[in-house]
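Residues are numbered in the numbering used here as their position in the sequence shown, beginning at 1, plus a constant of 2. Structure, as structure tokens:
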Amino acid sequence: MTGTIVILTGAGISAESGLGTFRDVDGLWTKYDLNDVATPEGFARNPELVMEFYNARRANALAATPNAAHDALAKLEANYSGEVFLVTQNVDGLHEAAGSRNVLHMHGALASALCGACGHRWPANDIMATSDPCPRCKAPATRPDVVWFGEVPYGMHVISEALARAETFVSIGTSGEVYPAANFVAEATQTGAHTVELNLDPSAGASRFAETRFGPATEVVPRWVD
Ligand code: BV8
Numbered sequence: 003m004t005g006t007i008v009i010l011t012g013a014g015i016s017a018e019s020g021l022g023t024f025r026d027v028d029g030l031w032t033k034y035d036l037n038d039v040a041t042p043e044g045f046a047r048n049p050e051l052v053m054e055f056y057n058a059r060r061a062n063a064l065a066a067t068p069n070a071a072h073d074a075l076a077k078l079e080a081n082y083s084g085e086v087f088l089v090t091q092n093v094d095g096l097h098e099a100a101g102s103r104n105v106l107h108m109h110g111a112l113a114s115a116l117c118g119a120c121g122h123r124w125p126a127n128d129i130m131a132t133s134d135p136c137p138r139c140k141a142p143a144t145r146p147d148v149v150w151f152g153e154v155p156y157g158m159h160v161i162s163e164a165l166a167r168a169e170t171f172v173s174i175g176t177s178g179e180v181y182p183a184a185n186f187v188a189e190a191t192q193t194g195a196h197t198v199e200l201n202l203d204p205s206a207g208a209s210r211f212a213e214t215r216f217g218p219a220t221e222v223v224p225r226w227v228d
């Protein structure tokens, strides 16, 4: 392989680092109603609940360490002669902690905060409150810098361009339930890319991939990279 490799990751790649997934048996969406904590309407109804939800996930994420799957992707980027473009749906910073550099957080990141008034983004404190004043416009309108349902994911144009030139598209640790990420395999297939799913078990879109390998990410990802 020498051409562009586009990688999409989801919560499953961070599961073995101790961070909860969303739709697995004990997933986050079994404990919280996503309409309450992952939509703008939920935030408008009860901002304190949402800030508490993301403060708790930020604390977990800060205490977590990258696992062998994160490390394998960082090693791939360091050793591969072509481009490795890592698009993550995850809001944790474990890819960067493992050494990956070319990372796009399409659903935002716990590491940054967003001003609901002026759109300014800045590095988040460990614990954030809606009353925290925006460093730029001073409004007490702080929110998590994450993309909620009904909001536009970050970097869609850059992602589509990368998929258009991809030679290989690898989807890791995602259920394929959330769009537009779940459609990337179709875009990559249209480009003629080789498509690979590495997941604990078959995702909703498994049949759309040319190659599938199932098992824990810490086993299947290093093996695929090697
Ligand atoms: C948008 C916030 C327009 C951050 C999240 C009807 C039909 C189709 C689509 C829609 C529809 N109605 C509405 C929509 C659109 C909607 C959507 O897709 N809804 C779904 C539920 C039907 N999407 C949106 O609203 C998006 N915005 O569409 O805007 C637009 C689009 C394009 C261009 C312009 C405008 C916004 C979506 C983002 C929502 N925000 N979270 C946060 O809190 O984290 S979603 C949430 O789900 C997370 O971001 C997460 O990343 C994402 C996907 O979940 P996964 O990562 O896949 O996690 P999950 O638990 O589901 O699966 C884990 C997988 O790992 C499993 O397969 C499991 O087997 C595997 N696994 C577990 N352990 C391991 C493992 N694999 C390997 N090893 C292990 N050890």
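Glycine is no exception: its CB is placed at the ideal position from the N, C-alpha and C atoms.
Given this structure, state the Cα-to-Cα distance separating residue i from residue j, to the nearest angstrom.
i      : j      : result
Asp94  : Gly14  : 12 Å
Thr170 : Ala190 : 8 Å
His107 : Ile9   : 12 Å
Ala1   : Val89  : Because the chain spans 3 through 228 in this model, residue 1 falls outside it and cannot be assessed.
Ala61  : Ala126 : 12 Å
Gly44  : Asn104 : 32 Å
Glu54  : Leu21  : 16 Å
Leu75  : Asp35  : 32 Å
Ala71  : Ala219 : 6 Å
Ala119 : Ala40  : 19 Å
Ser16  : Arg138 : 33 Å
Cys136 : Pro204 : 43 Å
Leu64  : Ala99  : 10 Å
Trp221 : Asn81  : Looking at the sequence itself, residue 221 is Glu, so the reference to Trp does not match. C-alpha separation (whole angstroms): 19 Å.
Pro142 : Glu179 : 34 Å
Tyr181 : Asp26  : 18 Å
Give every residue of the same chain whose Cβ lies closer than 6 Å to the Cβ of residue i, excluding the five residues on either side of it in the sequence, and list them in chain order.
i      : result
Leu116 : Arg123, Arg145 and Asp147
Glu79  : Val86 and Ser102
Tyr156 : Met108
Tell me residue i's beta-bridge partners as DSSP assigns them.
i      : result
Glu199 : Ser173 and Thr214
Val148 : Gly110
Arg123 : Leu116
Ala168 : Thr6
Thr90  : Thr11 and His107
If we call anything under 8 Å between Cβ atoms a contact, is residue i one with residue j?
i      : j      : result
Thr176 : Pro49  : no
His109 : Val154 : no
His196 : Ala212 : yes
Ser19  : Leu112 : no
Leu200 : Arg215 : yes
Val223 : Lys77  : no
Gly152 : Pro42  : yes
With a CB to CB cut of under 7 Å and the five nearest residues on each side skipped, what residues in its chain are close to residue i?
i      : result
Phe24  : Ala13, Leu30 and Trp31
Val187 : Phe171, Ser173, Thr197, Gly207, Arg210 and Phe211
Thr193 : Leu165, Ala166 and Ala168
Ile129 : Asn57
Ser162 : Glu189
Could you pull out every residue in the same chain whose Cβ sits closer than 8 Å to the Cβ of residue i, ignoring the five residues on either side in sequence?
i     : result
Gly84 : Met3, Thr4, Gly5, Thr6, Ile7 and Glu169
> Taking only runs of the alpha helix (DSSP H) that begin and end inside the segment 5 to 52, which ones reach a length of at least 4 residues, in chain order?
Replying inline: 30 to 33, 36 to 39 and 42 to 47
>> For a minimum of 4 consecutive residues, which ranges assigned as the alpha helix (DSSP H) are wholly contained in the segment 59 to 87?
In response: 70 to 81
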